[in-house]
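Here the numbering used here is used: the first residue of the sequence shown is -11, the next is one more, and so on. The C-beta atom is built at its ideal place from N, Cα and C for all residues, glycine as well. What follows is one structure encoded as structure tokens, with my remarks underneath.
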Amino acid sequence: MPDRAAPPPRAPPAQRGPGPAGGAASRPPGEDFRARLDRELQSCAALLAVIGPEWLSAVTADGGRRIDAEGDILRHEIAVALRRDILVIPVLFETPMPRSRELPDDIRALADRQAQTVNHARFTTDVMGIVFALRPVLQPGG
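Right under this line is the structure:
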């Protein structure tokens, strides 16, 4: 029988925490999102780089790959985490790990990180693998 779990309910925007995961609703109008992201990453112990089947092929309005765009915020977030030697775990949702030659120079090291695969059939087990990997960096004194 497949291992399935319903996603947890989302808190209303006013109750979500600050930072990238809080979404646009948690940021005041006019705030520089890139500066906020950089501040949040200063206290970040780990970053999950969630990669789906279209992660490398998503395109910008001009037709170029989104991941190649200098201003792409996801690329920026991963690049900053790698540069600061933050634990970066690629989380692969039913897609293979990108090869280093497919990535822009500033995130090429992502291809050298051990990934965690997540798929629908083993969702709970796979997510628990991520939780287990995060324990050492999230425990006090860890």
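Are the beta-carbon atoms of residue 36 and residue 95 separated by less than 8 Å?
Numbered from 1 along the sequence shown, position 48 holds the residue referred to as residue 36. Numbered from 1 along the sequence shown, position 107 holds the residue referred to as residue 95. Not in contact: residue 36 and residue 95 (Cβ atoms no closer than 8 Å).
Hey, how far is the Cα of residue 26 from the Cα of residue 39?
Position 38 of the sequence shown, counted from the start, is the residue given in the question as residue 26. Position 51 of the sequence shown, counted from the start, is the residue given in the question as residue 39. Roughly 21 Å between the two C-alpha positions.
Spatial neighbours of residue 114 in its chain, beta-carbon cut-off 8 Å, leaving aside the 5 residues before and after
Start at 1 with the first residue of the sequence shown, and residue 114 comes out as number 126. So the qualifying residues of the chain are 104, 105, 106 and 107.
Can residue 86 and residue 97 be called in contact, C-beta distance under 8 Å?
Counted from its first residue, the sequence shown places residue 86 at position 98. Counted from its first residue, the sequence shown places residue 97 at position 109. In this structure, residue 86 sits away from residue 97, with a CB-CB distance that is not shorter than 8 Å.
Which same chain residues, not among the five before or five after residue 41, have their C-beta less than 8 Å away from its C-beta?
Residue 41 sits at position 53 when you count from the first residue of the sequence shown. Cβ neighbours of residue 41 beyond the five flanking positions: 81, 82 and 83.
Cβ of residue 65 within 7 Å of any heavy atom in the ligand SAH?
Of ligands this structure carries none, so the ligand SAH is not represented either.
For residue 123 and residue 64, which I take to be in contact (beta-carbon distance under 8 Å), what is that distance rounded to the nearest angstrom?
In the sequence shown, counting from the first residue as 1, residue 123 sits at position 135. In the sequence shown, counting from the first residue as 1, residue 64 sits at position 76. A Cβ-Cβ distance of about 27 Å is found for the pair residue 123 and residue 64, leaving them out of contact under the 8 Å criterion.
Here's a check: name, in chain order, each residue in its chain whose Cβ is nearer than 7 Å to the Cβ of residue 67, leaving out the five neighbours to either side.
Position 79 of the sequence shown, counted from the start, is the residue given in the question as residue 67. Within the same chain, residue 67 has close Cβ partners 94 and 95.
Secondary structure at residue 124, three-state DSSP: helix, strand or coil?
As a working mapping, residue 124 is identified with position 136 in the sequence shown. Of the three classes helix, strand and coil, the one that applies to residue 124 here is helix, per DSSP.
Rounded to whole angstroms, what is the Cα-Cα separation between residue 32 and residue 74?
Reading the sequence shown from its first residue, position 44 is the one you call residue 32. Reading the sequence shown from its first residue, position 86 is the one you call residue 74. Answer to the nearest angstrom: the Cα atoms are 7 Å apart.
Which class does residue 91 belong to by DSSP, given the choice of helix, strand or coil?
In the sequence shown, residue 91 corresponds to position 103, counting from 1. In this structure, residue 91 counts as coil in the three-state DSSP scheme.
Using DSSP's beta-bridge definition, name the partner residues of residue 53.
Here the question's residue 53 lines up with position 65 in the sequence shown. Bridge pairing for residue 53: 47 [DSSP].
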